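To start, the structure itself, in structure tokens.
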Amino acid sequence: MAVVVLGDAALVTVPTARMADRATTALRDLGTQELADPDRLHDRLRINEVLGPAHLLFLTPSRFRPVPSVAERVPGDDPLLLALLDRCGPADADESALADITSSARVLRRDGQIAAAAGHELWPRSTAHLSILTDPRHRRRGLALDVASAAVADALSQGLLCQWRGRTLASRRVAQTLGFQETGFQLSLRLSES
């Protein structure tokens with residue numbers, strides 16, 4: 440089950456009609472903000488796993504505040520980019536969604552390796568879902584901001600709407616520095632079959 444809250448609106452999706460009936464009955468009287476609260480949902484549904492909530496941020500071109508970037512462009516399947524994913528481990532790699540980008544990547548290198556990378560996956564309605572990942576050994580040095588700024592500039596130059604999904608405060612701060620505005624939440628849940 441997925442819950443997306445944008446402003447005062449919420450969308451709940453489930454994989455089957457049976458689960459839709461269960462979710463409708465269980466969640467009918469909850470307010471929009473309550474739908475993004477895992478504890479409230481646990482009170483109503485049998486949940487096996489929760490991912491999130493993640494904050495959703497969007498950027499309009501007029502609000503973009505780019506930073507000077509020296510990030511170079513590499514193909515999304517560059518072997519050194521794949522090595523960055525391996526070095527960061529499955530949890531960080533999955534969270535970043537960098538393996539899913541459909542754009543080229545913007546990268547910074549340190550000691551011959553890619554230390555930070557960003558790109559986007561093209562989603563419906565001309566939406567660029569941004570993906571950013573920094574090697575843990577190089578975090579808190581401004582690398583994410585540099586590669587993210589370059590990747591956002593690339594997406595905006597193509598006329599795309601930029602979306603950022605951030606669970607950590609550090610991720611949201613990078614997005615906000617670039618001009619992204621928080622507009623909602625996303626929560627994913629694995630429901631019990633019974």
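Quick note: the sequence shown uses our numbering, first residue 440, plus one each step. For glycine and all other residues, C-beta sits at the position ideal for the given N, C-alpha and C. Given the structure is predicted, the values throughout are model-derived calculations rather than measurements.
Would you kindly check if the distance between the Cβ of residue j and the Cβ of residue i is under 8 Å?
i           : j           : result
residue 566 : residue 445 : no
residue 543 : residue 507 : no
residue 618 : residue 498 : yes
residue 553 : residue 519 : yes
residue 549 : residue 568 : no
residue 524 : residue 536 : no
residue 626 : residue 465 : no
Look up residue i in the DSSP assignment and say whether it is helix, strand or coil.
i           : result
residue 631 : coil
residue 535 : helix
residue 586 : helix
residue 485 : coil
What's the call for residue i, buried or exposed, on a 16-neighbour Cβ count within 10 Å?
i           : result
residue 551 : exposed
residue 603 : buried
residue 461 : buried
residue 574 : buried
Which residues does DSSP pair with residue i in a beta bridge?
i           : result
residue 624 : 444, 494
residue 559 : 569
residue 452 : 441
residue 540 : Note: residue 540 sits in no beta bridge, so no partner.
Near residue i, which residues of its chain fall below 8 Å by C-beta distance, leaving aside the five closest residues on each side in sequence?
i           : result
residue 392 : Residue 392 cannot be examined here, being either before or after the span of the chain that is shown, 440 to 633.
residue 532 : 524, 525, 538, 572
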